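In our numbering, the protein residues as written are 4 to 96.
Below is the structure:
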């Protein structure tokens, strides 16, 4: 069975626990990283890992994810400061 099919079949299973899903994902990642031999190209392995992570890993992007404020919550002076910082970041490219 193709790695995409295996991942999607497991994703569609109804009766699974968080622990069993975590264990399956870990084991499948190990399987994929060891799959260099055979008919799987590096590109296919990368795409299977991306699919696996997008379907099963639900972590916040970083530890500051919930600490920030919406731009709508900032007053005008704070908005100006954020815009200045962002412009300097993009101008450095």
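Using N, Cα and C, we set each Cβ at its ideal position, and we do this for glycine too.
Quantities reported herein were computed from a predicted structural model and do not represent experimental measurements.
Which residue wins for smallest C-alpha separation from residue 49, given the options 32, 61, 62?
Along the chain shown, one-based indexing puts residue 49 at 46. Nearest option by C-alpha distance: 32.
Where the alpha helix (DSSP H) containing residue 8 begins and where it ends
The residue given as residue 8 occupies position 5 in the chain shown. The continuous alpha helix (DSSP H) containing residue 8 extends over residues 6 to 15.
Can you find the residues in the same chain that come closer than 7 Å, C-beta to C-beta, to residue 5, ignoring five residues on each side of it along the sequence?
Indexing the chain shown from 1 puts residue 5 at position 2. The answer is none, since no qualifying residue turns up.
If we call anything under 7 Å between Cβ atoms a contact, is residue 55 one with residue 86?
In the chain shown, counting from the first residue as 1, residue 55 sits at position 52. In the chain shown, counting from the first residue as 1, residue 86 sits at position 83. At the C-beta level, residue 55 and residue 86 stay beyond 7 Å of one another.
Best match in 47, 80, 44, 58 for proximity to residue 12 [C-alpha to C-alpha]
Taking the first residue of the chain shown as 1, we reach residue 12 at position 9. Considering only alpha carbons, the answer is 58.
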